[in-house]
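Peer 1: Below is one structure. I have some questions about it.
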Amino acid sequence: SQKIEQNSEALNIQEGKTATLTCNYTNYSPAYLQWYRQDPGRGPVFLLLIRENEKEKRKERLKVTFDTTLKQSLFHITASQPADSATYLCAPSPSYNQGGKLIFGQGTELSVKP
Amino acid sequence: NAGVTQTPKFQVLKTGQSMTLQCAQDMNHNSMYWYRQDPGMGLRLIYYSASEGTTDKGEVPNGYNVSRLNKREFSLRLESAAPSQTSVYFCASSKPGQGNQPQHFGDGTRLSIL
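Line by line, the protein sequences are chains A and B.
Count along the first sequence starting at 1, add 187, and that's the number in the numbering used here.
Count along the second sequence starting at 1, add 145, and that's the number in the numbering used here.
Printed below as a string of structure tokens:
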């Protein structure tokens, strides 16, 4: 079955450093992969989408990579700030012809200390 | 912009009681979703509606029913609540696509079943 794995342990980093979060998927090849941010008590908020034929996508301080050989996506936040503290979810599309469905990873909690 | 609105925000039920969770979106999206989020499990899809009048089971549909009342509204019903259904429930909506459209989430309903 299709499986998504994100770092289960919280990531603690110092302000100004680069945070790197990992998303691994197995048993299929998604055409798209999305990343979301979730704050406590709130719903997830969309951040970035990357396609299978794109190696890298950037948006301001955010960068996402998509390695279809390793079956892995990396999510980077450069020059991190305490306001970046949240849980980050990866969500690959399950496969073709499944409509808008996504499969969500369990999320990685990021804590940026001043 | 309201986006996706869920009601109620909190609810406590006794085992065996029934209730309906309401969701409405004002973005004219065709697709709507119901998820549950449990600690360590990530978001799991309960039901999905690609358009008004159509619904489809997700990963964990047992114990739930849905109604796509119109394009704006998608409700989730628990006919006979069980403690295992204690969770945070999120509704989301998106444009039609194949996993390439961002999903927009409400802020959830926190449901406790005693």
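Backbone N, C-alpha and C define an ideal beta-carbon position, used for all residues, glycine too.
1) One question on the structure: do residue 237 of chain B and residue 157 of chain B come within less than 9 Å of each other, judged by their Cβ atoms?
2) Just curious, the beta strand (DSSP E) that residue 164 of chain B is in, first and last residue?
3) Within its chain, find whatever has a CB closer than 8 Å to the CB of residue 281 of chain A; leave out the 5 residues flanking it on each side and keep chain order.
4) Considering just the uninterrupted stretch of the beta strand (DSSP E) at residue 215 of chain B, what are its terminal residues?
5) If residue 219 of chain B sits next to residue 180 of chain B, beta carbons under 8 Å apart, how far is it from one beta carbon to the other, in whole angstroms?
6) Got a sec, what are the start and stop residues for the beta strand (DSSP E) residue 174 of chain B sits in?
7) Select from the region 191 to 216 of chain B all residues with a C-beta closer than 7 Å to any C-beta belonging to chain A, and list them in chain order.
8) Of all Cβ atoms in chain A, is any one closer than 9 Å to the Cβ of residue 157 of chain B?
9) Among A:199, A:275, A:252 and A:267, which residue has its Cα nearest to the Cα of residue 234 of chain A?
10) Exposed or buried, what is residue 273 of chain A when buried is set at 16 or more other beta-carbons lying within 10 Å of its beta-carbon?
11) Report the three-state DSSP secondary structure of residue 206 of chain A (helix, strand or coil).
Peer 2: Taking the coordinates as given:
1) Note that the C-beta distance between residue 237 of chain B and residue 157 of chain B is not below 9 Å.
2) In the DSSP assignment, residue 164 of chain B falls within the unbroken beta strand (DSSP E) covering 164 to 170.
3) 189, 215, 217, 288, 289 and 290
4) Looking at the DSSP string, residue 215 of chain B is not in any beta strand (DSSP E), and its letter there is neither H nor E.
5) About 12 Å separates the CB atoms of residue 219 of chain B and residue 180 of chain B; that is not less than 8 Å, and the two are not in contact.
6) Run containing residue 174 of chain B: none; DSSP gives neither H nor E here.
7) 193 and 195
8) The beta carbon of residue 157 of chain B sits no closer than 9 Å to any beta carbon of chain A.
9) A:275
10) buried
11) strand
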